[in-house]
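Undergrad: Questions regarding the structure given below will be posed in turn.
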Amino acid sequence: MDNSAIIDKLNDCLRHEWTGVAQYAQAGFVVSGLWRDVYADMFYDSAKESFGHAKKVGEKIVALGGVPTVERNPIKQSDDLMEILGHALEFESKAVKMYNEALVVAEGDRALVVFLEDILKEEQDGVDELTRILRNPQGSAAGSKKSTKAG
Ligand SMILES: [Fe+2]
1 MDNSAIIDKL NDCLRHEWTG VAQYAQAGFV VSGLWRDVYA DMFYDSAKES FGHAKKVGEK
61 IVALGGVPTV ERNPIKQSDD LMEILGHALE FESKAVKMYN EALVVAEGDR ALVVFLEDIL
121 KEEQDGVDEL TRILRNPQGS AAGSKKSTKA G
């Protein structure tokens with residue numbers, strides 16, 4: 001069985017995960033200010049999530065007879081928190097796109113589809129969380145701007 005198409009696609013995903021390890025770790029290093037405590041941990045956790053995905057994908061590539069890439073794409077850097085969060089949303093959105101593309105190639109291989117869907121779900125969770133943060137960065141409870149007047 002020729003696995004080269006799915007191996008190539010998985011290596012695209014792996015390259016993106018390596019990018020995430022470096023980009024999120026760098027964000028954790030440099031984030032400063034009042035919110036450093038919160039966001040440094042969040043970025044380090046995201047770097048760990050990317051490494052976790054890289055581990056799964058790398059092992060799957062070997063199982064399919066391929067060689068996992070050690071390359072990564074250029075990372076986006078900033079020391080401005082809002083800009084870092086914007087880069088993070090871009091990164092997670094691209095991950096969703098890449099795993100969706102891999103799913104198209106994996107069609108027909110049920111186990112591989114489930115494997116990719118599990119990761120895809122976590123990437124989408126990242127998009128959702130960052131979207132909620134960036135929608136209202138100053139923070140307010142949902143619906144708090146609504147009028148409380150009755151009648
Ligand atoms: Fe990931």
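Heads up: the sequence shown at position 95 corresponds to 95 in UniProt numbering, and the numbers run straight through without jumps.
Built from N, CA and C at the ideal position, the CB exists for glycine as well.
Quantities reported herein were computed from a predicted structural model and do not represent experimental measurements.
1) Give the straight-line distance between the Cα atoms of cysteine 13 and leucine 34, rounded to the nearest whole angstrom.
2) Can serine 50 be considered in contact with ligand 1, in the sense that its beta carbon sits closer than 7 Å to one or more heavy atoms?
3) What did DSSP end up calling asparagine 73 once you bin it into helix, strand or coil?
4) Roughly how many angstroms lie between the CA atoms of valine 127 and glycine 65, to the nearest whole one?
5) Beta carbon of alanine 95: closer than 7 Å to some heavy atom of ligand 1?
6) Does the Cβ of glycine 20 lie closer than 7 Å to at least one heavy atom of ligand 1?
TA: Once the coordinates are examined:
1) 34 Å
2) The answer is yes for serine 50.
3) coil
4) 32 Å
5) yes
6) yes
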